[in-house]
Amino acid sequence: MPEWSFTLLLNQPFTPEQADEFSQCDAFADGSAAFVLGPRKPEQYPVRSDESELKKLICDVEAPTLLDAVAQMARNIQLIPGLRGVGALMEDKVALEEAAQRCDRSYESLVQLSQEDEHFPEPLNPDTEGTVFYSWLHIADYLRRLGDDVPHTPRELVIADRTLRLVEDLRGTDVQPGVLRALGLP
Numbered sequence: 111m112p113e114w115s116f117t118l119l120l121n122q123p124f125t126p127e128q129a130d131e132f133s134q135c136d137a138f139a140d141g142s143a144a145f146v147l148g149p150r151k152p153e154q155y156p157v158r159s160d161e162s163e164l165k166k167l168i169c170d171v172e173a174p175t176l177l178d179a180v181a182q183m184a185r186n187i188q189l190i191p192g193l194r195g196v197g198a199l200m201e202d203k204v205a206l207e208e209a210a211q212r213c214d215r216s217y218e219s220l221v222q223l224s225q226e227d228e229h230f231p232e233p234l235n236p237d238t239e240g241t242v243f244y245s246w247l248h249i250a251d252y253l254r255r256l257g258d259d260v261p262h263t264p265r266e267l268v269i270a271d272r273t274l275r276l277v278e279d280l281r282g283t284d285v286q287p288g289v290l291r292a293l294g295l296p
């Protein structure tokens with residue numbers, strides 16, 4: 111089963127109590143998700159954490175499809191009281207394995223292109239001995255120049271993101287079910 115890498119956007123940063131709940135929750139025991147916890151008293155630090163970074167759940171999930179993976183994490187995060195998914199995205203920084211998953215090429219094909227084509231995008235971290243990362247936008251643009259039909263964002267991720275955002279926008283609003291059906295929702 112493929113492993114999908116994406117970021118689930120959360121409605122708020124983790125509190126220390128939610129972080130404790132997360133660490134004890136069986137749904138996350140497999141290490142498929144991680145987050146950054148801000149300091150307990152941020153006012154005591156001269157450099158503030160970027161709150162948008164604290165509202166991200168970094169996910170690597172095994173699932174049949176990307177949409178299934180996002181849905182699984184959106185459901186699981188609700189096990190932590192007060193947290194919910196409000197959007198989804200894929201970061202620009204990718205390893206070639208993840209880039210291959212986002213396009214119709216194999217990992218081997220991308221490795222070969224990276225080694226043999228001088229126009230292949232340069233790595234973001236060329237001097238590292240660990241995992242080499244690239245810009246997905248640069249790889250996608252390069253593949254388009256080769257004639258590949260490569261979207262900037264996979265359609266399944268667009269659907270997941272828009273659905274999570276719509277559900278969040280509908281929270282607390284008084285929209286009649288008939289209106290939602292008239293708009294094409296079940």
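Residues 111 to 296 in my numbering are what the sequence shown spells out, letter by letter. Note that the Cβ used here is the ideal one computed from N, Cα and C, for glycine as well. None of these values were measured; they are calculated from a predicted model.
Report all residues from its chain with a CB closer than 6 Å to the CB of residue i; omit the five preceding and five following residues, and keep chain order.
i, result
"Gly195", "Leu118, Ala184, Ile187, Leu274"
Would you tell me roughly how many angstroms separate the C-alpha atoms of residue i and residue j, rounded to the nearest one?
i, j, result
"Ala250", "Glu226", "17 Å"
"Leu164", "Val221", "33 Å"
"Thr238", "Ala205", "13 Å"
Less than 8 Å between C-beta atoms, sequence neighbours within five positions excluded: which residues of the same chain meet that for residue i?
i, result
"Met200", "Ser115, Phe116, Thr117, Arg212, Trp246, Thr263, Pro264, Leu267"
For residue i, which residues of its own chain have a beta-carbon under 7 Å away from its beta-carbon, when the five flanking residues on both sides are left out?
i, result
"Ala139", "none"
"Pro233", "Val242, Phe243, Tyr244"
"Glu207", "Tyr217"
Using only alpha-carbon positions, find the residue among the options that is nearest to residue i.
i, options, result
"Ser162", "Gly141, Phe124, Glu131", "Phe124"
"Thr175", "Ala270, Tyr217, Tyr252", "Ala270"
Which residue marks the beginning of the alpha helix (DSSP H) containing residue i, and which one marks its end?
i, result
"Asp178", "176-187"
"Val171", "Premise fails: Val171 lies in the beta strand (DSSP E), 166-172, not in any alpha helix (DSSP H)."
"Gly288", "287-292"
"Ala209", "206-212"
"His234", "It is Leu, not His, that sits at residue 234 in the sequence shown. First-last for Leu234: undefined, no H or E at that position."
"Glu131", "126-134"
Which residues mark the beginning and the end of the beta strand (DSSP E) in which residue i is found?
i, result
"Ser115", "113-120"
"Leu199", "195-199"
Is any heavy atom of the ligand FAD found at a distance shorter than 8 Å from the C-beta of residue i?
i, result
"Ala184", "In the structure shown, the ligand FAD is absent, as is every other ligand, since no ligand is present at all."
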